[in-house]
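Visitor:
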Amino acid sequence: MNIKSFVASDMRTALRMIRDAQGPDAVILSSRPVAGGIEVVSATGYDQAALARAMRAVGADPADASPAALSALAQQQLPAGIPASVGIPAPSAPLPPVAAAPQPPAGQSDPAAAFAAALHQARPEASGSDSLLARARARLRGQPAEPAPTAAPAPERPAAPEATAQVDVQDFAAALRARLAESEAQATVTLDMTRPAQPINAAPVAPAAAARVEAPVEPARPALSVVPGVEMDPAIVAMREEMARMRALMEAQMEQLALERLRGSPARAAAFDALTGYGCEQALAQAVALRVDPSLPLAEVGAAMLAELADSLTVCASETIDEGGVIALVGPTGAGKTTTAAKLAARFAARHRARDVALITTDCERPGAHEQLQAYGRRLGITVCEARGIGGLQLALEQLADYPLVLVDTTGYAPTDRALFNQILWLRATTKVRSLLVLPANGHAQDMGEVIRRYRPAAPEGLILTKLDETGYLGSALSVAARTAMPIAYTTNGQRIDSDIDAADAAAIAQAMESARRSSDVATHGIETRHAVA
254 MNIKSFVASD MRTALRMIRD AQGPDAVILS SRPVAGGIEV VSATGYDQAA LARAMRAVGA
314 DPADASPAAL SALAQQQLPA GIPASVGIPA PSAPLPPVAA APQPPAGQSD PAAAFAAALH
374 QARPEASGSD SLLARARARL RGQPAEPAPT AAPAPERPAA PEATAQVDVQ DFAAALRARL
434 AESEAQATVT LDMTRPAQPI NAAPVAPAAA ARVEAPVEPA RPALSVVPGV EMDPAIVAMR
494 EEMARMRALM EAQMEQLALE RLRGSPARAA AFDALTGYGC EQALAQAVAL RVDPSLPLAE
554 VGAAMLAELA DSLTVCASET IDEGGVIALV GPTGAGKTTT AAKLAARFAA RHRARDVALI
614 TTDCERPGAH EQLQAYGRRL GITVCEARGI GGLQLALEQL ADYPLVLVDT TGYAPTDRAL
674 FNQILWLRAT TKVRSLLVLP ANGHAQDMGE VIRRYRPAAP EGLILTKLDE TGYLGSALSV
734 AARTAMPIAY TTNGQRIDSD IDAADAAAIA QAMESARRSS DVATHGIETR HAVA
């Protein structure tokens, strides 16, 4: 038998080392934890037939076995090159006593029986007593020994003498006993490859597992399921609709109460009627009228009303062109961007020099747009360039980098045009370009509000109200500006390039609303009178 000891960090590594060194037929004899991990003792060349014979001869008395036979048996079982006197250290605790086994006939000597007896002595429940070992040593040396105490016969677990000639059988038996005790305490799984291969039957299937397999498989449920919410409840939906109708009714009643409260003061009522007559939205007219002193005489209501309206408007603190840089005029088609760009260029050239301002047009789609701006440039002595696309505009801006002010006349788009989105993206991507939104004052309030909403992502710095001279209801544009909190930068009220543009002034805008309405009424009245006379 070839016995070797292996030290590894864990059992898996030790088994791999045993398989590599001794092959798959190795038998694990013992294992124990050590400082470096675990120590495993294995053996090869194990004689199954000799072990069977030893197990059958457990009832024989091993006292007649000669030392030479025991030495031969131990030398046969130990690995080659290892002295027979080298053994496994014995445990410190004495072996427990066991019952004496019947003695074999005189003259019989079976080395296999002696070795089997040593193996049985290694088991914790069948260990030999000290007196039995002493008697065995005495008989091997030819000395008389004291008779061992009699006990009930144990034919299956006989005691065995210990050979001291060449191998310490007691130490080897103690090592085997320690190995069995450790395997039972720690439930260590060992491999026994000395026994012939036995057919392995299939593991029986538990009844619960069989029932689980035979049960029909339920369809997989979706990971996310629609949880019915309160919105799907018809009662909740009906309640919400009813609450919405009640809210609308209450708001209408509150407006009526506010109007009646205004009607309770002649001054406020006159201011409210005047503002709605100028085209102001009802919300703006009501807010302004409520701030009018109710005790004012009717002759002073007009001035107080315009002053309160001016306080409701937001205007730019300074002129945008005075800061210089690149300013793009954006807005819908027909808002007057080209004419407004020429007016701003003329206003800046009058304060500085004509060579300090340049105009760029990107409106290459509208017929005559470039020619119109070129005519304005020749008239004012201002440089005018044409740019096609974003690349052409960037090149033109690089060429005009030395000019203090560059005004860009952009293409006008309808609020629903998809090309407007690309224009807004360009304005947002170019950090050096500021923008002003151009709106015609004669437009409808809802349309102007939609234009401001569409151009809001471009972050315009201010609003330019054009064509003030073409409307008698300026209050509509002012209501949109007040509702959207868009600051007013400039206003235009004519076709003259060099004079019909003004910086935004709240009081002047409010007065212009009143003047435009009065002028419209007078002109209409004169025309109707002439037609009536004719």
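According to this note's numbering, the sequence shown is numbered sequentially starting from 254.
Every residue, glycine too, gets a C-beta built ideally from N, C-alpha and C.
1) Please state whether the Cβ-Cβ distance between residue 686 and residue 613 is less than 8 Å.
2) If we count the other Cβ atoms within 10 Å of its Cβ and call it buried at 16 or more, is residue 752 buried or exposed?
3) So is residue 675 buried or exposed if we call it buried at 16+ other beta carbons inside 10 Å?
4) Would you mind giving the Cβ-Cβ distance between residue 659 and residue 579, rounded to the nearest angstrom? I have them listed as a contact below 8 Å.
5) Taking the beta strand (DSSP E) that residue 582 belongs to, which residues open and close that run?
6) Is the separation between the beta-carbon of residue 727 and that of residue 531 shorter than 8 Å?
7) Distance, Cα to Cα, residue 669 vs residue 708?
8) I'd like to know whether the C-beta atoms of residue 666 and residue 609 end up nearer to each other than 8 Å.
9) Mapping the DSSP letters down to three states, classify residue 855 as helix, strand or coil.
10) If contacts are defined as beta-carbon pairs under 8 Å, then residue 663 and residue 583 qualify, I think. What distance do you get, rounded to the angstrom?
11) Quick one: give me the first and last residue of the alpha helix (DSSP H) that residue 521 is part of.
12) So the alpha helix (DSSP H) residue 537 belongs to, where does it begin and stop?
13) Kindly list the residues whose CB is nearer than 7 Å to the CB of residue 570, restricted to its own chain and excluding five residues on each side of it in sequence; keep chain order.
14) Leaving out five residues before and five after residue 711 in sequence, what residues of the same chain have Cβ atoms less than 7 Å from its Cβ?
15) What is the DSSP secondary structure of residue 651, counted as helix, strand or coil?
16) Hey, residue 566 and residue 750: beta-carbon distance below 8 Å or not?
17) Taking the DSSP output, what are the residues bridged to residue 660?
18) Cα separation between residue 559 and residue 756?
19) Below 8 Å on the Cβ atoms is my guess for residue 550 versus residue 518; work out the distance and round it to an integer in Å.
20) Any idea which residues DSSP pairs residue 637 with across the strands?
21) Assign residue 634 to one of two classes, buried (16 or more other C-beta atoms within 10 Å of its C-beta) or exposed (fewer than that).
22) Which residues mark the beginning and the end of the alpha helix (DSSP H) in which residue 704 is found?
23) How is the beta strand (DSSP E) around residue 268 delimited, first residue to last?
24) Can you tell me which of 738, 297, 282, 765 puts its alpha carbon nearest to the alpha carbon of residue 275?
25) If the criterion is Cβ atoms closer than 8 Å, does the pair residue 520 and residue 545 meet it?
26) Excluding five sequence neighbours on each side, which residues of the same chain lie with their C-beta closer than 7 Å to the C-beta of residue 541?
27) The beta strand (DSSP E) with residue 686 in it runs from where to where?
28) Considering just the uninterrupted stretch of the alpha helix (DSSP H) at residue 285, what are its terminal residues?
29) DSSP on residue 750, reduced to helix/strand/coil?
30) For residue 611, which residues of its own chain have a beta-carbon under 6 Å away from its beta-carbon, when the five flanking residues on both sides are left out?
31) In three-state DSSP terms, what is residue 670?
32) Comparing C-alpha positions only, which one of 758, 747, 277 sits nearest to residue 716?
33) List the endpoints of the continuous beta strand (DSSP E) containing residue 732.
34) Exposed or buried, residue 730, counting other C-beta atoms within 10 Å across all chains shown (16 or more means buried)?
35) Measuring CB to CB, does residue 573 end up less than 8 Å from residue 742?
Guide: According to the data block:
1) no
2) exposed
3) exposed
4) 5 Å
5) 578-583
6) yes
7) 11 Å
8) no
9) Lying before the first or after the last residue shown, residue 855 is absent from the chain, which here runs from 254 to 787.
10) 5 Å
11) 519-530
12) 535-543
13) none
14) 583, 677, 680, 681, 688
15) helix
16) no
17) 580, 612
18) 19 Å
19) Not confirmed; about 12 Å, so no contact.
20) 612
21) exposed
22) 698-708
23) Careful: residue 268 lies outside any beta strand (DSSP E), inside the alpha helix (DSSP H) at 264-275.
24) 297
25) yes
26) 524, 528, 558, 561, 562, 565
27) 686-693
28) From DSSP, residue 285 is part of no alpha helix (DSSP H) but of the beta strand (DSSP E) over 280-287.
29) coil
30) 636, 653, 656, 659
31) coil
32) 758
33) Taken as a continuous stretch (DSSP letters only), residue 732 belongs to no beta strand (DSSP E), being part of the alpha helix (DSSP H) at 728-737.
34) buried
35) yes
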